[in-house]
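Q:
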Amino acid sequence: MRSWLVLGVVVALAVVLLATLTAALPSAAPWVTIIGMPVVIVGAGLGAKFVQRRGAAERRESA
2 MRSWLVLGVV
12 VALAVVLLAT
22 LTAALPSAAP
32 WVTIIGMPVV
42 IVGAGLGAKF
52 VQRRGAAERR
62 ESA
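The numbering of the sequence shown is my numbering, which starts it at 2 and goes up by one.
#1: Candidates A58, L19 and K50: which alpha carbon is nearest V40's?
#2: Do you know offhand how far P27's Cα is from V33's?
#3: Given a cut-off of 8 Å on the beta-carbon distance, is the pair V52 and L8 in contact?
#4: Please list the terminal residues of the continuous alpha helix (DSSP H) segment that includes L6.
#5: How many whole angstroms separate the CB atoms of A45 and V12, which I take to be in contact at a CB cut-off of 8 Å?
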């Protein structure tokens, strides 16, 4: 469960960082959003898959 919490916090911080960048750089806001959001989404998906496989491996080892 701790790994999922860490992943959730990292994704939330990445979204907050993107929002901060778009507010700080209004002229670059569309590009930051267009490039940044897919990176965050793909990263969150890959991170979730990693955490899921890690948990399954730990369960197999303990059994």
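Glycine residues also receive a C-beta, built at the ideal position from the N, C-alpha and C atoms.
A: Here's the rundown:
#1: On the sequence shown, position 39 is the one that residue 40 refers to. Closest option to V40, Cα to Cα, is L19.
#2: Along the sequence shown, read from residue 1 onward, the residue named residue 27 stands at position 26. Along the sequence shown, read from residue 1 onward, the residue named residue 33 stands at position 32. Computed Cα separation, rounded: 10 Å.
#3: As a first step, residue 52 must be located in the sequence shown, where it is residue number 51. As a first step, residue 8 must be located in the sequence shown, where it is residue number 7. Yes, the pair counts as a contact, with Cβ atoms nearer than the cut-off.
#4: Start at 1 with the first residue of the sequence shown, and residue 6 comes out as number 5. Run containing L6: R3 to A25, per the alpha helix (DSSP H) assignment.
#5: As a working note, residue 45 is residue 44 in the sequence shown. As a working note, residue 12 is residue 11 in the sequence shown. With 8 Å as the limit, A45 and V12 qualify as a contact, their Cβ atoms being about 5 Å apart.
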